[in-house]
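In the numbering used here, the protein residues as written are 2 to 621. Virtual Cβ for every residue (Gly too), placed ideally from N, Cα, C. In this text the structure is predicted, and so the values were computed from the model without any measurement. Notes to accompany the following structure.
Laid out in structure tokens, this is it:
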């Protein structure tokens, strides 16, 4: 493997990569040429991602594996299913999208994740983790039902294996005896030379047709000799257990192979070529390095998980996640009952300082959102005060636990709901558009929508001090850069803020981070503007005072219109027999494709100019 110390400034020369327009072209190359191709692909990936921005480390780690998979399998007839999709950039490059790779994550450009609509080579659309084995199993059984012999491969990372869904799929596949190959991409450890060499030796033997044949023949011979058969099986199992951590997979009905070096093309070809034609569920464990081949990424895997476009300097504005990070440290300093929980998002959620200052009260439960919530419920039962820092899109994965284990019991759990609303370049799989709608229907739940950095800190304190489940939703990135006191003051539950008195017949109600757009419109059209702060409970007093005589009510939210904050206001007016005309502004009933957040807001009609035009039409 060629090692790069820096990102290429100019387009690299890639003679072998230039010969690959689709996976069939790989089959024309020798194994030696494939190794050269891997170096070229790694250099091209470094260059292209520096231009586009996006996920880097995971893709660098699976370059050899990606080449081998497309070399050995017949894609798109064979299904290659990637988990999460952070690692799928090399796959996109090798499947006739090299010329488009610099458009990745841009509006109308390539999706940052595999997407079925984008390419016939993307077998399954992904974005969230731990789905690949379930999807691949469905495809495998589907092929069997249809009488097809197409192969199915699922690639899953060690992080994604922590989710219960992965083991549910493993258990089902083992019971079905399906012909499926799962490749565990383990990039969290290195291979020891002596142990690794022995493991690699046995891995090649266990995957070989000769070994498989011997096993089958031996079973036939020994099946009438129960004692001998039992002894042989015991020896086999014990030997494999000594050199490979595959016992749990074997117990679930899988033929476990590995671990092997995931950067050794020749070895990958040998082992995978044998495994792909074996009957039943096959599990291959490979060891890779995240960021492999790029020194800086190997040394700092977190920093180079993704890089910004053009390696531009980060904004000096404080981010909402930093507001939360400072708040939780301050609150934990005066409240010993506070417990911080995150499902594998320490850095992204702003919990680094908290984890360092309060390690005994910090729990990273890995990619296990369901467990995170019920774990928090258990802590709350012991009169502790858990704070769950989680992205809006990931809270969806634990909806049952949210209702059943927390809300029904009315437990004191605070949710710091990051990345709410439109998140930008990661697209619809990561947008937090639905949290207002799916939270406000839950009894006992408090739902807050701060409009800036100041209110975010205040409402975090309000939610934490509330006796029951409470959520503070805030967007990705930075706010309007408002300064705030470092006190732990709070806003009374359900208390809105009258921003400006204007036309009493035309009222605008803002929910959340679009207040700066609302202020421009209200000033231009002389609207009365109220920053609601709370979706649940609504400030009924302020609504009664201002809506009973209103002719037009405009609601604004960075969330889905269906079932959102605007709907809550409509329901309130119906109960009060108020009958104003409504203009509900938010995210329409469609999935908003990847683009910058500003471009997404423009598409949804949530910029000041577009809001004003819509209001003017209603006022005519």
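Compute the Euclidean distance between the alpha carbons of residue i and residue j, then round it to the nearest angstrom.
i           : j           : result
residue 559 : residue 255 : 46 Å
residue 489 : residue 335 : 10 Å
residue 331 : residue 75  : 56 Å
residue 42  : residue 458 : 45 Å
residue 245 : residue 35  : Residue placement at residue 245 is flagged as unreliable, the pLDDT there being 48, under the threshold of 50; the coordinate-derived value follows with that caveat. Cα-Cα distance, rounded: 28 Å.
residue 402 : residue 359 : 26 Å
residue 113 : residue 621 : 43 Å
residue 47  : residue 333 : 41 Å
residue 477 : residue 146 : 44 Å
residue 615 : residue 384 : 49 Å
residue 469 : residue 161 : 31 Å
residue 601 : residue 105 : 16 Å
residue 313 : residue 54  : Confidence in residue 313 is poor, its pLDDT being 40 and thus under 50, which makes the residue's placement unreliable; the coordinate value appears in the next sentence. Straight-line Cα distance between these residues: approximately 10 Å.
residue 281 : residue 144 : 14 Å
residue 607 : residue 598 : 11 Å
residue 327 : residue 356 : 12 Å
residue 495 : residue 576 : 18 Å
residue 574 : residue 414 : 31 Å
residue 85  : residue 525 : 45 Å
residue 235 : residue 175 : Because residue 235 sits at a pLDDT of 48, beneath the cut-off of 50, its placement in the model cannot be relied upon, and the following sentence gives the value as read from the coordinates. Answer to the nearest angstrom: the Cα atoms are 20 Å apart.
residue 81  : residue 562 : 36 Å
residue 109 : residue 103 : 12 Å
residue 257 : residue 473 : 44 Å
residue 410 : residue 603 : 41 Å
Would you kindly report the start and end of the unbroken alpha helix (DSSP H) that includes residue i?
i           : result
residue 566 : 566 to 577
residue 145 : 133 to 146
residue 43  : 32 to 53
residue 599 : 598 to 604
residue 176 : 165 to 177
residue 61  : 58 to 62
residue 15  : It is not in any alpha helix (DSSP H) - residue 15 carries neither H nor E in the DSSP assignment.
residue 609 : 609 to 620
residue 88  : Per DSSP, residue 88 belongs to no alpha helix (DSSP H) and is neither H nor E.
Please check the pair residue i and residue j, which I expect to be a contact at CB under 8 Å, by giving their CB distance rounded to whole angstroms.
i           : j           : result
residue 479 : residue 318 : 4 Å
residue 388 : residue 485 : Residue 388 to residue 485, Cβ: 19 Å. No contact.
residue 1   : residue 552 : Residue numbering for the chain in the displayed model covers 2 to 621; residue 1 lies beyond these limits and cannot be assessed.
residue 554 : residue 450 : In fact, because the Cβ distance is near 17 Å, the residues do not count as touching under 8 Å.
Let me know if residue i comes out buried or exposed under the rule of 16 or more other beta-carbons within 10 Å of its beta-carbon.
i           : result
residue 20  : exposed
residue 277 : buried
residue 92  : buried
residue 309 : exposed
residue 116 : buried
residue 24  : buried
residue 605 : buried
residue 405 : exposed
residue 186 : buried
residue 509 : buried
residue 542 : exposed
residue 283 : buried
residue 249 : exposed
residue 322 : buried
residue 291 : buried
residue 242 : Note that residue 242 scores a pLDDT of 44, beneath 50, so its modelled location is shaky; the value from the coordinates is reported in the next line. Residue 242 should be labelled exposed.
residue 7   : exposed
Mind checking which residues open and close the beta strand (DSSP E) that includes residue i?
i           : result
residue 384 : Premise fails: residue 384 is in no beta strand (DSSP E) and is neither H nor E.
residue 529 : 528 to 532
residue 262 : 256 to 262
residue 588 : 582 to 588
residue 363 : 363 to 365
residue 94  : Neither: residue 94 is in no beta strand (DSSP E) and is coded neither H nor E.
residue 340 : 339 to 343
Across which residues does DSSP place residue i in a beta bridge pair?
i           : result
residue 5   : 295
residue 80  : 153
residue 448 : 472 and 537
residue 558 : 512
residue 501 : 530
residue 187 : 288
residue 320 : 479
residue 507 : 553
residue 392 : 419
At least one CB of chain C closer than 8 Å to the CB of residue i: is that the case?
i           : result
residue 584 : No chain C appears in this structure, which consists of one protein chain only.
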